[in-house]
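Position in the sequence shown (from 1) plus 17 gives the number in my numbering.
All C-beta atoms in this analysis are idealised placements derived from N, C-alpha and C, irrespective of residue type, glycine included.
See structure below.
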Amino acid sequence: MENRDNTWSVACTIRAPQHITDAFLRHYASLNPNKIYLFFDDATMSDYDASIAPGRVITFICDDYYWANVPKIPPTRQPGVRPSGVEIRQHTNMLYAREIMSTDWLLHVDSDEMLYAKKDVKSVLSGFPDNVFSICLKNFEAVYSKSPKVGDEFSTQYFKRYLPEKNILSKYYPDDLISFSRGGFWGVETGKSFVRKAPEIFKMSVHRPVPLNPSLITNAKTNDLELLHFEGLNYELFKEKCLRRSRQKVATLMPDRFSKRLEKIESIISTEGERGLEKLYESFYVMNEKTLAEAISDGFIEKKPWNDTKNTIIDHITGNNPLEEERSQRLSLWHGTIVRTFHNNYLAYDTEKLAISVANGYQLSRLGKFTPIEIQFLDVDRAVLFYKTFLNIYYIKKPTTPCVTITPNKQHAEIFEVIRTSDAPGLFFLKTATGFLRVSPQGSIAFDSQEPLEWESLYSKVIYPQL
């Protein structure tokens, strides 16, 4: 493939009141896409503030005229007729935006999905090699400390992460509600994807499209971009969405648990009325401060400063943070940000000796007793070390020689001080209370070097999934 500039656009098939549309536009305009494509699914809900990102917002009213004249791109199976399923309309609009745009990447999202960019979006996209077709974003779902009013839907910084452990979920939801979720999510747990413009698509999806060329890499991961899903918004919008989905059958590809949830909602409305439905909304989306604190401690809730303009762009030393994706979707151990030594070996965990060691690339790729040690920079001056198995992530808790103590709880991990060198960009030393991490030319490891030497410097290397 030819090298491109990794420009990007965002598209949305949207049906929302104006204050939601305007909030969507303001947020995405702040991330500097080349174009924002709005496909208004309902002509009566097409108002927006045209002063937001002038010249970059391209709009379409998806009325009968639109569907009669939009290019007949699959999956529009009934030329000239508006598809009954909203998912099919989204697929068609995404394909149309992809055809007419001049940028290298497209992200199609819903109006309640906000991109959390910890680094400049274009720079993140530029970090992926040309044979990466799509980048699937990790999804998080918003919760509120109190039921939001109109205009406050995007004010929260609390988000659920996908959590398959039912024993933890049962602390926060009764079993019948858990059955309507997946990993604690009331919406879809799979995030949307950035998709390259050029390659042909074999199977369409706004979540995980499949390219015609099977050699291209799909669903590459990054922790620098996340998708925040405000699935609940406010109670009135929740009620309107539930009743419309239940009584008008607007969504045709919903998972079975969604259908059962709609049946539950209809039952609550008929037996408990409006108050019963409002209590259900609060059960789904609202946690008091004590419950939030407990859920954060359990690793179920994370606080994300996504709407703090001072913290939107976090420029780490590395081009990528480690991947802590849900266990069921882990593709490989061989991805993330690993640590290379001055002597061109890698830090590794020796599963036989229970010690940090070094290994070369061949030894790591064999997936034998050596597992790559990865690094996560908490900020420019602090980092944690960990290694992954297919079942868990284990953090280095107490670095000693020769063995180390590990923990699955990130809160108990050893915090290494990162001291960058002036000799070369990207080189750094790691320091604990006892001294600097020392890696000798022979590969021995110690944590008590008092004065860092040149051959004890390290640098991080980003490796991509499936490469």
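A Cβ-Cβ contact shorter than 8 Å links Ala33 with Ser128.
Residue pairing by DSSP places Glu295 in no beta bridge whatsoever.
If you ignore the 5 residues before and after Glu306, its C-beta comes within less than 7 Å of the C-beta of Ser162, all in its own chain and listed in chain order. Ranking Val401, Arg399 and Glu369 by CA distance to the CA of Thr388 puts Glu369 first. A distance below 8 Å separates the beta carbons of Ala159 and Gly249. In the three-state reduction of the DSSP assignment, Val356 falls in the strand class, which pools E and B. With a cutoff of 8 Å on beta-carbon distance, Ser210 and Ile152 are scored as near each other. Close CB contacts of Lys386 within its chain, under the 7 Å cut and outside five residues either way in sequence, are with Asp367, Thr368 and Glu369 (chain order). Counting every other CB atom within 10 Å of its CB across the protein chains shown gives Ala450 a total below 16, marking it as exposed. Counting only the Cα atoms, Lys214 lies some 6 Å from Arg115.
In summary, Glu471 is exposed, with fewer than 16 beta-carbon neighbours lying within 10 Å of its beta-carbon over all protein chains present. Taking a C-beta distance under 8 Å as the contact criterion, Ser26 and Thr120 qualify as a contact pair. For Arg106, the three-state secondary structure derived from DSSP is helix. Pairing Glu104 with Lys320, the inter-Cα distance amounts to about 30 Å. Excluding the 5 residues flanking it on each side, Arg43 has same chain C-beta neighbours closer than 7 Å at Ile69, in chain order. Its chain contains Trp472 and Ser474 as the residues whose beta carbon lies nearer than 6 Å to that of Phe359, once the 5 sequence neighbours on both sides are disregarded; these appear in chain order.
Taking a cut-off of 8 Å on C-beta distances, the segment 129 to 141 touches the segment 239 to 258, as three or more cross pairs fall below it.
Beyond the five residues adjoining it in sequence on each side, Ile185 comes within less than 7 Å, by CB distance, of Asp315 and Phe317 in the same chain, given in chain order. When beta bridges are read from the DSSP output, Leu402 appears opposite Ile392. Listed as beta-bridge partners of Glu434 by DSSP are Arg399 and Lys448. Under a 10 Å Cβ-count criterion, Asn230 is classified as exposed, with fewer than 16 other Cβ atoms of the shown protein chains found around its own Cβ. Going by C-alpha positions, Met62 is about 9 Å away from Thr38. Ser164 places its beta carbon less than 8 Å from that of Tyr252.
Taking C-alpha positions only, Pro146 is separated from Leu154 by approximately 17 Å. Judged by DSSP secondary structure, Glu158 falls within the beta strand (DSSP E) whose first and last residues are Lys155 to Val160. Sixteen is the threshold: when 16 or more other Cβ atoms of the shown chains lie within 10 Å of the Cβ of Lys177, as they do, the residue is buried.
Along the length of the segment 112 to 152, whole alpha helix (DSSP H) runs at least 4 residues long occupy 138 to 143, reported in chain order. Looking at the DSSP output, Tyr412 sits in a beta bridge with Phe403 and Thr424.
In the displayed model, Ala372 falls within a strand according to three-state DSSP.
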